[in-house]
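Colleague: I'd like to ask you about the structure that follows.
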Amino acid sequence: MALTCVRDHRRPWRAVTALASAALLLPLLSAPLARAASAPADGTPPRTGFERTNGERWTTQAEEQDFLAAVDRAGSRVALDTVGTTRQGRPVRLVRVGSPAPGGPEQVRRGNSVLLVCSQHGNEPAGREACLTRIRDLAFAQDRATRHFLSRTTVLVIPTANPDGRAANTRGNADGVDVNRDHLALRTAEGRAMARVLRDWRPDTVYDLHEYGGSSPYYVKDLLSLWPRNLNTHRRVHAESEALSERYVRPYTERAGYSTGTYGIWTDPETGEPVKQVAGDGQERILRNATGVKHAVGQLVESRTTPLTDAEKADPAVNNRRRVGSQLAALRGAMDFAGRHRGRIESATGRARAAGWADRGPVYLGGADNDKPDADQVLTHPPCGYRLTAAQWRDVRSTLELHGVHARRHGTGAYVPLRQTQRALVPLLLDQRAAYPLTDGTPRHVLPPVTSGWTPPDGGSTSRAASTAQPHDTVTPAPPCP
Numbered sequence: 004m005a006l007t008c009v010r011d012h013r014r015p016w017r018a019v020t021a022l023a024s025a026a027l028l029l030p031l032l033s034a035p036l037a038r039a040a041s042a043p044a045d046g047t048p049p050r051t052g053f054e055r056t057n058g059e060r061w062t063t064q065a066e067e068q069d070f071l072a073a074v075d076r077a078g079s080r081v082a083l084d085t086v087g088t089t090r091q092g093r094p095v096r097l098v099r100v101g102s103p104a105p106g107g108p109e110q111v112r113r114g115n116s117v118l119l120v121c122s123q124h125g126n127e128p129a130g131r132e133a134c135l136t137r138i139r140d141l142a143f144a145q146d147r148a149t150r151h152f153l154s155r156t157t158v159l160v161i162p163t164a165n166p167d168g169r170a171a172n173t174r175g176n177a178d179g180v181d182v183n184r185d186h187l188a189l190r191t192a193e194g195r196a197m198a199r200v201l202r203d204w205r206p207d208t209v210y211d212l213h214e215y216g217g218s219s220p221y222y223v224k225d226l227l228s229l230w231p232r233n234l235n236t237h238r239r240v241h242a243e244s245e246a247l248s249e250r251y252v253r254p255y256t257e258r259a260g261y262s263t264g265t266y267g268i269w270t271d272p273e274t275g276e277p278v279k280q281v282a283g284d285g286q287e288r289i290l291r292n293a294t295g296v297k298h299a300v301g302q303l304v305e306s307r308t309t310p311l312t313d314a315e316k317a318d319p320a321v322n323n324r325r326r327v328g329s330q331l332a333a334l335r336g337a338m339d340f341a342g343r344h345r346g347r348i349e350s351a352t353g354r355a356r357a358a359g360w361a362d363r364g365p366v367y368l369g370g371a372d373n374d375k376p377d378a379d380q381v382l383t384h385p386p387c388g389y390r391l392t393a394a395q396w397r398d399v400r401s402t403l404e405l406h407g408v409h410a411r412r413h414g415t416g417a418y419v420p421l422r423q424t425q426r427a428l429v430p431l432l433l434d435q436r437a438a439y440p441l442t443d444g445t446p447r448h449v450l451p452p453v454t455s456g457w458t459p460p461d462g463g464s465t466s467r468a469a470s471t472a473q474p475h476d477t478v479t480p481a482p483p484c485p
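With our numbering applied, the sequence shown covers 4 to 485.
Next up, the structure:
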């Protein structure tokens, strides 16, 4: 595999503690740590369990529930939803933050939005703490810049994407399934909940918070980031995703005193040159890549769990504060990116969603932006669509619907065309040559006749308001595809 040259930001790091950095980034963290989770009558912001114990332990799920309820009660900027329920009966929550909190998906789709997905892996809690802190700080902030940001951008947060795994402190869910390998098959309750949010709320940017274990001396940065590498990511979405990493997430993290790198790339500690790639490929079942395939700017961030300094080894709380502090710094960069480049982001995601209706160009079944695909991994002339038998249609219908992929009934089965917003996703789900297909659909290179009405959920519209009729709003036989 050919490696792209990745820059290693090597500069003298300021001798600041992680706790001090976090306090500088978010002044609310400097308040006394002994407060309870519920907001007192004087309007003082509530505190997480992590903050109240100065990083000695992570916020429990009961504390999270009380904390979010207190933030919700405190004003009009926050609203809470339950978007799924785990096998063990725990809710998967979605927090909506705006000025005021948006009323529903249609309102959010008309504007700019950022989705934070926190703790997909239950034993990676630092990102979750950063998400909870950020929710609170956005809800209570009175500065003009934050108020302006929230008036133009909705922040959606899934604070605990894997509640059963977090309760057990395990990477997988209650069934031992890695939720971050389920964004194609959607066999888990957690994966289905996130797919529903992506489909209904259609965020412009998806920011996925994780943690990793270091490997000295080649893989020890405080925080790593990466964009969607899947080749089906629209070029403009890819460019914005890479800019988010290289121009905002990493520089903001470094300015707070933390080291940064590219996820999956080992680097020489002396020269900073790439040594080898150990992770971060283009597989579409991972959220980072699924996000790009579904036309949203995507970002993975990973804080290092491994203690390196004597202080971190002697006191786990010091290590915990450094982990959360680096996540908070990176998250601040992501929010600044969303606010500064709102128009550019919306243009890129809108252009990407519209491209599927043109039904042109290859579809990639493998490879990555730094790994040339084999010839048999490229559909140079993709089919017009895929025919499904009645049995196949019964098996995959609900999953296709969760992905926002459209089909129309054909005979006793169904026909799934490529000419739709999620064009590239269709072969990834239904072609037997794909890496992780749901079923082996029969490719059709000539469109079958229309036997029943079919209207896409977004009407094929590229307008955020979806108020202007588009050519695909009416059901007419499509011309033969190339």
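Ideal placement from N, C-alpha and C gives every residue a C-beta, glycine not left out.
Can you give the Cα-Cα distance for ALA192 and GLY87, rounded to whole angstroms?
Modeller: Counting from 1 along the sequence shown, the entry for residue 192 is found at position 189. Counting from 1 along the sequence shown, the entry for residue 87 is found at position 84. Distance between the alpha carbons of ALA192 and GLY87: 7 angstroms.
Colleague: Give the straight-line distance between the Cα atoms of ALA82 and GLY130, rounded to the nearest whole angstrom.
Modeller: Translated into positions along the sequence shown, residue 82 becomes position 79. Translated into positions along the sequence shown, residue 130 becomes position 127. Taking the straight line from one Cα to the other gives about 21 angstroms.
Colleague: Considering only C-alpha positions, which residue in the set PRO386, ILE161, THR265 is nearest to VAL281?
Modeller: Counting from 1 along the sequence shown, the entry for residue 281 is found at position 278. Selected option, being the one with the closest Cα: THR265.
Colleague: Count the other CB atoms, across all protein chains shown, that sit within 10 Å of the CB of ASN172; report buried if there are 16 or more and exposed otherwise.
Modeller: Along the sequence shown, one-based indexing puts residue 172 at 169. Classification for ASN172: exposed.
Colleague: Are THR149 and ASN115 closer than 7 angstroms when you measure CB to CB?
Modeller: Indexing the sequence shown from 1 puts residue 149 at position 146. Indexing the sequence shown from 1 puts residue 115 at position 112. It is not a contact, given that the beta carbons lie outside the stated cut-off.
Colleague: Grab me the residues of ARG202's own chain with a C-beta within less than 6 angstroms of its C-beta, minus the 5 sequence neighbours each way, in chain order.
Modeller: Position 199 of the sequence shown, counted from the start, is the residue given in the question as residue 202. Around ARG202: GLY407.
Colleague: May I have the straight-line CA-CA distance separating GLY179 from HIS124, to the nearest angstrom?
Modeller: Start at 1 with the first residue of the sequence shown, and residue 179 comes out as number 176. Start at 1 with the first residue of the sequence shown, and residue 124 comes out as number 121. Those two C-alpha atoms are separated by around 11 angstroms.
Colleague: Buried or exposed: where does ARG93 fall if 16 or more other Cβ atoms within 10 Å of its Cβ makes it buried?
Modeller: Taking the first residue of the sequence shown as 1, we reach residue 93 at position 90. By the 10 Å Cβ count, ARG93 comes out buried.
Colleague: In the structure shown, what three-state DSSP assignment does ASP207 receive?
Modeller: Counted from its first residue, the sequence shown places residue 207 at position 204. Correct three-state label for ASP207: coil.
Colleague: Could you tell me the alpha carbon to alpha carbon distance between ALA133 and THR308, rounded to whole angstroms?
Modeller: Within the sequence shown, residue 133 is the residue found at index 130, counting from 1. Within the sequence shown, residue 308 is the residue found at index 305, counting from 1. Whole-angstrom Cα-Cα distance: 15 angstroms.
Colleague: Strictly by DSSP, which residues pair up with TYR222?
Modeller: Here the question's residue 222 lines up with position 219 in the sequence shown. Answer is SER218.
Colleague: Report buried or exposed for GLY285, applying the criterion of at least 16 other Cβ atoms within 10 angstroms of its Cβ.
Modeller: Looking up residue 285 in the sequence shown gives position 282. Counting Cβ neighbours within 10 Å, GLY285 comes out buried, since at least 16 surround it.
Colleague: Please list the segments of the beta strand (DSSP E) lying wholly inside the stretch 227 to 260, counting only runs of 3 or more residues, in order along the chain.
Modeller: Listed in chain order, nothing qualifies, since the stretch 227 to 260 has no complete beta strand (DSSP E) run of 3 or more residues.
Colleague: Is it the case that the Cβ atoms of LEU159 and ARG96 are separated by a distance below 7 angstroms?
Modeller: What you label residue 159 is simply residue 156 of the sequence shown in a count that begins at 1. What you label residue 96 is simply residue 93 of the sequence shown in a count that begins at 1. In this structure, ARG96 does not lie closer than 7 angstroms to LEU159 by Cβ.
Colleague: Count the other C-beta atoms from every protein chain shown that fall within 10 angstroms of the C-beta of ALA393, then say buried if there are 16 or more, exposed otherwise.
Modeller: On the sequence shown, residue 393 is found 390 positions in, with the first residue counted as 1. When all chains shown are included, ALA393 counts as exposed.
Colleague: State the DSSP-derived secondary structure class of GLN110, mapped to helix, strand or coil.
Modeller: The sequence position of residue 110 within the sequence shown is 107, counting from 1. Of the three classes helix, strand and coil, the one that applies to GLN110 here is helix, per DSSP.
Colleague: Go to VAL327, then tell me how far its beta strand (DSSP E) extends in each direction, as first and last residue.
Modeller: Position 324 of the sequence shown holds residue 327. It is not in any beta strand (DSSP E) - VAL327 instead sits in the alpha helix (DSSP H) that spans 319 to 343.
Colleague: From LEU119, ALA65, LEU153, pick the residue whose C-alpha is nearest to that of ARG80; which is it?
Modeller: Here residue 80 refers to the residue found at position 77 of the sequence shown. Ranking the options by Cα distance to ARG80, first place goes to LEU153.
Colleague: According to DSSP, is VAL429 helix, strand or coil?
Modeller: Reading the sequence shown from its first residue, position 426 is the one you call residue 429. The answer is helix: DSSP assigns VAL429 an H, G or I state.
Colleague: Does the beta-carbon of ALA196 have 16 or more other beta-carbons within 10 angstroms, so that it is buried, or is it exposed?
Modeller: Here the question's residue 196 lines up with position 193 in the sequence shown. Buried, since its Cβ has 16 or more Cβ neighbours within 10 Å.
Colleague: Under the rule that 16 or more other beta-carbon atoms within 10 Å means buried, what is ALA410, buried or exposed?
Modeller: The residue labelled residue 410 in the question sits at position 407 within the sequence shown. Classification of ALA410: buried, given that the 10 Å Cβ count is 16 or more.
Colleague: Can you tell which of VAL223, ARG436, VAL399 has the C-alpha that lies nearest to the C-alpha of VAL419?
Modeller: If you number the sequence shown from 1, residue 419 lands on position 416. Checked all of VAL223, ARG436, VAL399; the closest Cα to VAL419 is VAL399.
Colleague: Which residues in the same chain as PRO103 place their Cβ atom closer than 7 angstroms to its Cβ, once the five residues preceding and following it in sequence are excluded?
Modeller: Your numbering for residue 103 matches position 100 in the sequence shown. Excluding sequence neighbours, PRO103 sits near SER79, ARG80.
Colleague: So who's on the other strand from ALA417, going by DSSP bridges?
Modeller: Here the question's residue 417 lines up with position 414 in the sequence shown. In DSSP, ALA417 forms a bridge with LEU391, ARG412.
Colleague: Could you tell me the alpha carbon to alpha carbon distance between LEU27 and THR51, rounded to whole angstroms?
Modeller: As a first step, residue 27 must be located in the sequence shown, where it is residue number 24. As a first step, residue 51 must be located in the sequence shown, where it is residue number 48. In this prediction, LEU27 has a pLDDT of 34, which is less than 50 and means its spatial position is unreliable; nothing more can be read from the coordinates.
Colleague: Taking 8 angstroms as the cut-off, does the stretch 63 to 74 touch the stretch 325 to 333 (at least 3 CB pairs, one atom from each stretch)?
Modeller: They do not touch, by the three-pair rule.
Colleague: Starting from the Cα of PRO108, find the closest Cα among THR56, ASP140, ARG184, ARG205 and give me that residue.
Modeller: Against the sequence shown, residue 108 aligns to sequence position 105. Ranking THR56, ASP140, ARG184, ARG205 by Cα distance to PRO108 puts ARG205 first.
Colleague: Tell me which residues share the same chain as HIS448 and place their Cβ nearer than 7 angstroms to its Cβ, disregarding the 5 neighbours each side in the sequence.
Modeller: Counting from 1 along the sequence shown, the entry for residue 448 is found at position 445. Closer than 7 angstroms at Cβ, skipping near neighbours: PRO386, CYS387.
Colleague: Select from ILE268, ALA314, GLY295 the residue whose C-alpha is nearest the C-alpha of GLU305.
Modeller: What you label residue 305 is simply residue 302 of the sequence shown in a count that begins at 1. For the residues ILE268, ALA314, GLY295, the minimum Cα distance to GLU305 belongs to ILE268.
Colleague: Residue range of the beta strand (DSSP E) that THR312 falls in?
Modeller: Residue 312 sits at position 309 when you count from the first residue of the sequence shown. Per DSSP, THR312 belongs to no beta strand (DSSP E) and is neither H nor E.
Colleague: Tell me the DSSP bridge mates of TRP269?
Modeller: In the sequence shown, residue 269 corresponds to position 266, counting from 1. TRP269 pairs with LYS279.
Colleague: Decide if GLN1 is buried, meaning its Cβ has at least 16 other Cβ atoms within 10 Å, or exposed.
Modeller: A query on residue 1 cannot be resolved here, the shown segment of the chain reaching from 4 to 485 and no further.
Colleague: Helix, strand or coil for GLN68, going by three-state DSSP, please let me know.
Modeller: As a position in the sequence shown, residue 68 is number 65, starting the count at 1. Note: GLN68 maps to helix in three-state DSSP.
Colleague: So, are the CB atoms of GLY444 and LEU433 less than 7 angstroms apart?
Modeller: Taking the sequence shown and counting its residues from 1, one reaches residue 444 at position 441. Taking the sequence shown and counting its residues from 1, one reaches residue 433 at position 430. Yes, they are a contact pair.
Colleague: Which first and last residues belong to the beta strand (DSSP E) in which ARG447 is found?
Modeller: Translated into positions along the sequence shown, residue 447 becomes position 444. Start and end: 445 to 447.
Colleague: State the start and end residues of the unbroken beta strand (DSSP E) segment that holds VAL81.
Modeller: Taking the sequence shown and counting its residues from 1, the one referred to as residue 81 is at position 78. Residues 81 to 88.
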